[in-house]
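Report on the following structure.
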Amino acid sequence: MFSKFLSLEKDKQERIINAAIDEFAQRGYHHASTNKIIDRAKISKGILFHYFKSKKDLFLFLYDYSIELLASEIYESLDYEETDIFQKMRQSAKLKFNVFQRHPQMFNFIMRAYFEQAEEVKDALVIKNSSIIKENVNKFYLNFDKTRFREGIDPDKAVKLIYWSLEGFGNEIQSKLKYIDADQYETLLSEMEEYIKILEKCFYQL
0 MFSKFLSLEK DKQERIINAA IDEFAQRGYH HASTNKIIDR AKISKGILFH YFKSKKDLFL
60 FLYDYSIELL ASEIYESLDY EETDIFQKMR QSAKLKFNVF QRHPQMFNFI MRAYFEQAEE
120 VKDALVIKNS SIIKENVNKF YLNFDKTRFR EGIDPDKAVK LIYWSLEGFG NEIQSKLKYI
180 DADQYETLLS EMEEYIKILE KCFYQL
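Residue 0 is where the sequence shown starts when you use numbering that gives the first Met the number 0, and the numbers rise one by one after that.
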């Protein structure tokens, strides 16, 4: 659908993507201005809407583009040989932090877009987010050691509870923060570690 845009020279592509992500990350979908995007990207409005029919198309393209880019960097670095489910979670959180440091504005855009309430894009985002969560859960379940769990606990159900608990923590943070900086992220990692230790005590054998 966006093959024409993706065939543009790299420099112009990046100018448009960076300008649009910055605008949406700062102002959200409803208040984002395509005029500011074209000013920052140094293009005409005609060129922007030649590649994207509407602001909605641009926003959803950027969401897919950002998720694909950041997820690929995380999944490429995951240690799939790790079998301790809590170590997997720690590893995932640290990889996300590394990605955040490389792409802070893109990360903030995704955080804000995840809870976007604008009617034009809300339903499409719900579908996309459901698919993302399903993919994350599938990767999360790969190759974990079930022998570490307490007797009488179903490891598969326990892992779902663990995932939902930390997903809920992440969602709570995302709903409160429109923007996040490196210092805040490090604080959140420390707080998440406290939750992980509690969950370890609840589910793992002593």
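Virtual Cβ for every residue (Gly too), placed ideally from N, Cα, C. Since we're looking at a predicted model, the values are computed, not measured.
Checklist line | N-terminal and C-terminal residue of the alpha helix (DSSP H) that Ser-71 is part of | finding: Ser-71: member of the alpha helix (DSSP H) spanning 54 to 76, first to last residue.
Item checked: Helix, strand or coil at Gln-108 according to DSSP, with G and I counted as helix -> According to the sequence provided, residue 108 is Phe. The question's Gln does not apply to it. It is helical.
Checklist line | Exposure label - Glu-22; buried when at least 16 CB within 10 Å | finding: buried
Check: When the Cα atoms are used, what is the spatial distance from Cys-201 to Val-158?
Finding: Cα to Cα, Cys-201 sits roughly 12 Å from Val-158.
Margin query: Any contact between the stretch 139 to 158 and the stretch 59 to 71? By contact I mean 3 or more CB pairs, one from each, below 8 Å.
Written below: Because the criterion of three Cβ pairs below 8 Å is not met, the stretch 139 to 158 and the stretch 59 to 71 do not touch.
Check: Taking DSSP as the reference, what is the three-state secondary structure of Tyr-79?
Finding: Coil at Tyr-79, not helix or strand.
Next item on the list: Tell me the start and end of each unbroken alpha helix (DSSP H) in the stretch 128 to 196 that is at least 4 residues and wholly inside, in chain order.
Entry: 154 to 175
Notebook entry, point to check: Exposed or buried, which one is Val-98 when buried takes at least 16 other CB atoms within 10 Å?
Noted result: buried
Margin query: Going by C-alpha to C-alpha distance, which of Lys-145, Lys-196, Thr-146 and Phe-148 sits closest to Leu-165?
Written below: Lys-196
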